Each structure stands twice: as C-alpha cells, then as structure tokens.
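Undergrad: So the protein lines, in turn, are chains A and B. When we follow numbering that gives the first Met the number 0, the leftmost residue of the first sequence carries the number 0, and every step to the right adds one. When we follow numbering that gives the first Met the number 0, the leftmost residue of the second sequence carries the number 0, and every step to the right adds one.
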Amino acid sequence: MNSPSFIDLTSTNARLMLCGEDKVDLLDRLSTNDISVLKEHGQGLSTVLTTNKGRIIDLIKIYFFEDHLLLVSDMQSISKISEWIEFYTIMEDVTQIDVSDETFQIRIFTDDINRIFPQKYDCEIDNFFVTVIDGVSVSVTRNKMNTKQCFDIFGNKKHKNTIIEFLNNFAMQLESSQFENLRILVGYPKFGNELTEEFNPLEALLYDHISFNKGCYIGQEVVARLNTYNKVQRQMVQISSNHDLDIGEIEFEGQTVGTITSVMKNNGIAYINKKILEKTSQVQFGSFDAEIHLI
Amino acid sequence: MTLKSKPDPLTIKISDEASLHVKEFAESEGKDSADLRVGVKGGGCSGLTYVLEIVTDGPKESDKVIEDNGVRIFVDKKSYVFLAGTVLDYSGGLNGKGFVFNNPNAKTSCGCGTSFSV
Chain A
0 MNSPSFIDLT
10 STNARLMLCG
20 EDKVDLLDRL
30 STNDISVLKE
40 HGQGLSTVLT
50 TNKGRIIDLI
60 KIYFFEDHLL
70 LVSDMQSISK
80 ISEWIEFYTI
90 MEDVTQIDVS
100 DETFQIRIFT
110 DDINRIFPQK
120 YDCEIDNFFV
130 TVIDGVSVSV
140 TRNKMNTKQC
150 FDIFGNKKHK
160 NTIIEFLNNF
170 AMQLESSQFE
180 NLRILVGYPK
190 FGNELTEEFN
200 PLEALLYDHI
210 SFNKGCYIGQ
220 EVVARLNTYN
230 KVQRQMVQIS
240 SNHDLDIGEI
250 EFEGQTVGTI
260 TSVMKNNGIA
270 YINKKILEKT
280 SQVQFGSFDA
290 EIHLI
Chain B
0 MTLKSKPDPL
10 TIKISDEASL
20 HVKEFAESEG
30 KDSADLRVGV
40 KGGGCSGLTY
50 VLEIVTDGPK
60 ESDKVIEDNG
70 VRIFVDKKSY
80 VFLAGTVLDY
90 SGGLNGKGFV
100 FNNPNAKTSC
110 GCGTSFSV
C-alpha cells in the first residue's frame, strides 16, 4: 500500500488536554519515557503508562503545546488513563480536559508529506508543526507505526470534513478493516489486543519508548529488572499461515507456546515464548501450520 | 534507648529521634521553626513516593496541622488519606536510611523503600 492513504481516527483515539505547572513532571513519574525532555512547543514523544507491576496500561503520545500537553490514547483506554492520572494527582497542579468530542484526528500514510503540505517542514519523528489547510489551522504530527511512516492531523472537529475533502485530492480514504490489516502487516500493537495488563512493554517491543536511565516511574523496578537480567519471557511477533487464523493459542510439539492477539484472515500478531524463537519459526494453530516472523 | 511511637490511625506521629533530627536540620539551615511538610506524590517504582521538607512559611489553608514531639507537621488532605497512622522515624548510623515512614497503609514497597502502593 504505497499510494497515499488516510484514515479518520477521531472516534478510535481519545485526546486529553493536561494543564497546570506540574503536568510534565507528573507524567514523567507515571510513564516509561523521559517526558522531561519536552520543553518547547512542537515536541512530542511516545511513552507507556505502566502499573506498579510493570504491566501495560496503554501506549500514549504526548505533544507539548505552549500552555498544555495533548495526550493521545486509544478511546477504550482513556477512562482508565484519566482515572490513573487523577488518582496520582495529589499535591500537583494538574488538570485534565477531555477534548475528544471537540477535536478530530486523521492519520495519513505517505512517503512524501511535502506533496500534501507544499511547505518544507523539518519535523522529527513524534514532533509536530502547525499549519493551515484551506483556511483551517491544524497540528500535524510526524508519526510511525513501526516501519510505516505516517502523519496525524489534529484540529477542531467542526473542520474535519474540510480536511477530509482536502485529503481526498491526494490520498485514498481507508476503511477501518483496511487500517486494521495494515496495522497487523506492520506488526503494530493495539490497546486491548497486544497492549493489556497481561503484558509488559518489553514483551511488546516498546524499547524505543522506555528510558532506562531517567529514574523512577511506576513499574520501573520491574521493567528495569526484566531488562537488566534478560528475564523477558515472551515476545510480540507476526504470524502467518496458508489458512485463516483466529485469536487463540499456538502450539509447538503439542505444548502451548503463545497466543494470537490480533488477526486479519491469514495474518496476525502473537505473543510467543522467547525460548521457542531460538528453536523454530514453525508453529501450529489448531491443525494448521503457521510461521512466526520477527518484528 | 529511644521510645518508638505507636501507630495511631487518626494522626501522624513523629518519633523522639526523628523529631530531634528535624530540629537539627532546621537549625543547621538557619531556620527558627521546625515545621515539617509531609505528603505523597505519584511516582516511584510502586506508585506513590513520600515528600518530606522543612518549611518556614506556615501551613496552607487546606492543610491538616498535627503537633507531636515539639514538631508541627503539615499535610495536605489528599496526602493525609495515604499517610494517616504513619509514624515518622529516623534510622541513623552508617547503614541507616535516614527518615523512615512507617506507614500502615502501605501494602507493598519498592526495593529501596522510597515508594509504596496502597
């Protein structure tokens, strides 16, 4: 799928504004990445909220605006995230405003963003720039889903159709099933499937979103120990077969060695025991053979 | 031998030794009073971490003020929920940890003991 495409993620993802002087400090203490590096408008990063057992609450994006942070998560996880932040807001000056209903998010897949936005923008991964499209002011974040480069456009929801009409001139709009297929083909984890409290960020290969030297955050002790002593038991992988797959257990030599967590026809994402990866890439799902691919 | 204060679920106490050290620290910093602000904040490996500082600007309007062993302790109301019953002690010596929160609300603590969960 190399031709430009886009997907409306407005109702798939949630957007939460965090205000107050302690917003950066609080999130830094609650999540895996070094949030303290966010100091200027236009910066952003991905981080993982973890429980005190080092399990995943969700992978979130944080964008630094002049007077607030914008937190982007899955719509299914936002209640938990909001309650989590509220619970740990004790002495801190932090307030939350859920702006999911007033804003939109559209994700564009293209290798040539300058074709859509003619100005030349020098934007690092996870950072964003503000621009105007057909008279509408929007924020455009540079993003990636593993190897797949993408850009997210955020703006006021009343202007969403204007932006979609604009994008229709350059790119094809994806159905949610097409987006899900793309997600699985690039092996990108999703809340509720791969991103759950059953797994930790190392199993989900979220190393790029963990700072191992920033100091304490909730779950840090467990995550650091797993990493230092190489105790990560499972690993997220892609799985394919000549037959349709389904959510369920995968086996090797009659033993359960993993679980398929996402599937689209004969492709899927799974967690598998790391020791098995040293032995084989061939496993079984039910009576069918399946092949494991490293992400 | 220092007498250890017993936990009282309705207050926060400070042991004899801890109160002496609070006064010493206040004196060494040139502060006349020995008021102590205690609290908790989100973070640390286990979820909540302790806050402890000597203050000179008095209590905030919404603070709970507790006096024990000659030390005034200020605690904000939300922190107090997590700290009620705590006895603040002091572990001295080469292997000592300094000020120690003996918090009956803490179900688990991290390895270094500076954070806890409830």
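Backbone N, C-alpha and C fix where the C-beta goes; we use that ideal spot for every residue, glycine too. Fair warning: this is a prediction, and the values are worked out from it, not measured in the lab.
Looking only at its own chain, which residues have a Cβ that is under 8 Å from the Cβ of Ile77(A), when we skip the five neighbours before and after it?
TA: As a working mapping, residue 77(A) is identified with position 78 in the first sequence. Correct list, in chain order: Ala13, Leu15, Asp97, Ser99.
Undergrad: Mind checking Ile209(A): buried by the 16 CB within 10 Å criterion, or exposed?
TA: Counting from one through the first sequence, the residue named residue 209(A) turns up at place 210. Classification for Ile209(A): buried.
Undergrad: What distance in whole Å lies between the Cβ atoms of Ile249(A) and Ile271(A), which are believed to be in contact at a cut-off of 8 Å?
TA: For the purposes of this step, residue 271(A) is identified with residue 272 of the first sequence, where counting begins at 1. For the purposes of this step, residue 249(A) is identified with residue 250 of the first sequence, where counting begins at 1. The pair is a contact, with the Cβ atoms about 7 Å apart (cut-off 8 Å).
Undergrad: Between Val50(B) and chain A, is any beta-carbon pair separated by less than 8 Å?
TA: In the second sequence, counting from the first residue as 1, residue 50(B) sits at position 51. With 8 Å as the cut-off, Val50(B) counts as an interface residue toward chain A.
Undergrad: Can you tell me which of the three DSSP states Tyr62(A) falls into?
TA: Against the first sequence, residue 62(A) aligns to sequence position 63. Strand.
Undergrad: In chain A, which residues lie with their C-beta within 7 Å of the C-beta of Ser114(B)?
TA: Position 115 of the second sequence, counted from the first residue, corresponds to residue 114(B). Those within 7 Å of Ser114(B) in chain A are Cys215.
Undergrad: Quick check: what's the CA-CA separation for Arg71(B) versus Val64(B)?
TA: For this step, residue 71(B) is matched to residue 72 along the second sequence. For this step, residue 64(B) is matched to residue 65 along the second sequence. Between Arg71(B) and Val64(B), the C-alpha separation is close to 7 Å.
Undergrad: Does any C-beta atom of chain B lie closer than 8 Å to the C-beta of Gly19(A)?
TA: Reading the first sequence from its first residue, position 20 is the one you call residue 19(A). Judged by the 8 Å Cβ criterion, Gly19(A) is not in contact with chain B.
Undergrad: Which same chain residues end up closer than 8 Å to Met171(A) when comparing Cβ atoms and leaving out the 5 residues on each side of it in sequence?
TA: What you label residue 171(A) is simply residue 172 of the first sequence in a count that begins at 1. Excluding residues within five positions, the ones whose Cβ falls inside 8 Å are Ser2, Pro3, Ser4, Phe5.
Undergrad: Shorter than 8 Å from the beta carbon of Ser90(B) to some beta carbon of chain A?
TA: Here residue 90(B) corresponds to residue number 91 of the second sequence, with the count starting at 1. Closer than 8 Å: no.
Undergrad: For Met144(A), tell me which candidate among Leu201(A), Asn160(A), Phe108(A) has the shortest Cα-Cα distance.
TA: Within the first sequence, the letter at position 145 stands for residue 144(A). The option with the nearest alpha carbon to Met144(A) is Phe108(A).
Undergrad: Looking at the structure shown, is Thr161(A) part of a helix, part of a strand, or coil, going by DSSP?
TA: Position 162 of the first sequence, counting from 1, holds the residue named residue 161(A). Of the three classes helix, strand and coil, the one that applies to Thr161(A) here is helix, per DSSP.
Undergrad: Taking the alpha carbon of Asn265(A) as the reference point, which residue from His40(A), Lys274(A), Gln254(A), Ser239(A) has its own alpha carbon closest?
TA: As a working note, residue 265(A) is residue 266 in the first sequence. Cα-wise, what sits closest to Asn265(A) is Ser239(A).
Undergrad: Who are His208(A)'s beta bridge partners in DSSP?
TA: To locate residue 208(A), count along the first sequence from 1; it is residue 209. None, per the DSSP bridge assignment.
Undergrad: So, do the region 174 to 187 of chain A and the region 138 to 154 of chain A have three or more beta carbon pairs nearer to each other than 8 Å?
TA: They touch, by the three-pair rule.
Undergrad: So which residues on chain B does Glu91(A) lean against when the C-beta distance must stay under 9 Å?
TA: For the purposes of this step, residue 91(A) is taken as residue 92 along the first sequence, with counting starting at 1. Chain B residues near Glu91(A): Lys40, Gly41.
Undergrad: Assuming Ala269(A) is part of the alpha helix (DSSP H), what are its boundary residues?
TA: Reading the first sequence from its first residue, position 270 is the one you call residue 269(A). Looking at the DSSP string, Ala269(A) is not in any alpha helix (DSSP H); the run it does join, the beta strand (DSSP E), is 266 to 272.
Undergrad: Tell me, please, whether the CB atom of Arg114(A) is closer than 8 Å to any CB atom in chain B?
TA: Your numbering for residue 114(A) matches position 115 in the first sequence. No, Arg114(A) lies away from the interface with chain B (no Cβ there is under 8 Å from its Cβ).
Undergrad: How close, in whole Å, do the beta carbons of Arg54(A) and Asn199(A) come, if the pair is a contact with beta carbons under 8 Å?
TA: Within the first sequence, the letter at position 55 stands for residue 54(A). Within the first sequence, the letter at position 200 stands for residue 199(A). Their Cβ separation, rounded to whole angstroms, is 6 Å, which keeps Arg54(A) and Asn199(A) in contact under 8 Å.
Undergrad: Would you mind reading off the limits of the beta strand (DSSP E) that contains Arg54(A)?
TA: Working through the first sequence from its first residue, we reach residue 54(A) at position 55. No beta strand (DSSP E) contains Arg54(A), which DSSP labels as neither H nor E.
Undergrad: Between Ser280(A) and the rest of its own chain, which residues show a CB-CB distance below 7 Å, the 5 nearest in sequence each way excluded?
TA: Working through the first sequence from its first residue, we reach residue 280(A) at position 281. These residues qualify, in order along the chain: Glu290, Ile291.
Undergrad: Exposed or buried, which one is Glu26(B) when buried takes at least 16 other CB atoms within 10 Å?
TA: Start at 1 with the first residue of the second sequence, and residue 26(B) comes out as number 27. So Glu26(B) ends up on the exposed side.
Undergrad: Taking Cβ-Cβ distances shorter than 7 Å, what residues in chain A pair up with Lys77(B)?
TA: As a working mapping, residue 77(B) is identified with position 78 in the second sequence. Simply Ile89.
Undergrad: Give the interface partners of Glu290(A) over in chain B, defined as CB-CB distance under 8 Å, in chain order.
TA: The sequence position of residue 290(A) within the first sequence is 291, counting from 1. In chain order: nothing, as chain B lies at least about 39 Å away.
Undergrad: Quick check on this structure: which residue in Leu47(B), Ser32(B), Val74(B) has the alpha carbon closest to the alpha carbon of Ala83(B)?
TA: Locating residue 83(B) in the second sequence gives position 84, where the first residue counts as 1. It is Val74(B) whose Cα lies nearest to the Cα of Ala83(B).
Undergrad: Determine the contact status of Ile162(A) and Val137(A), defining contact as a CB-CB distance below 8 Å.
TA: Position 163 of the first sequence, counted from the first residue, corresponds to residue 162(A). Position 138 of the first sequence, counted from the first residue, corresponds to residue 137(A). Going by C-beta atoms, Ile162(A) is nearer than 8 Å to Val137(A).
Undergrad: Which value, in whole angstroms, describes the spacing of the CA atoms of Gly285(A) and Thr255(A)?
TA: Here the question's residue 285(A) lines up with position 286 in the first sequence. Here the question's residue 255(A) lines up with position 256 in the first sequence. Each residue's alpha carbon lies about 11 Å from the other.
Undergrad: Name the chain A residues whose beta carbon is nearer than 8 Å to that of Gly45(B)?
TA: Position 46 of the second sequence, counted from the start, is the residue given in the question as residue 45(B). Residue identity check: residue 45(B) is Ser in the sequence provided, not Gly. Here the neighbours are Asn51, Ile217, Glu220.
Undergrad: Any chance the region 216 to 224 of chain A sits against the region 48 to 65 of chain A, with 3 or more Cβ pairs inside 8 Å?
TA: These segments touch.
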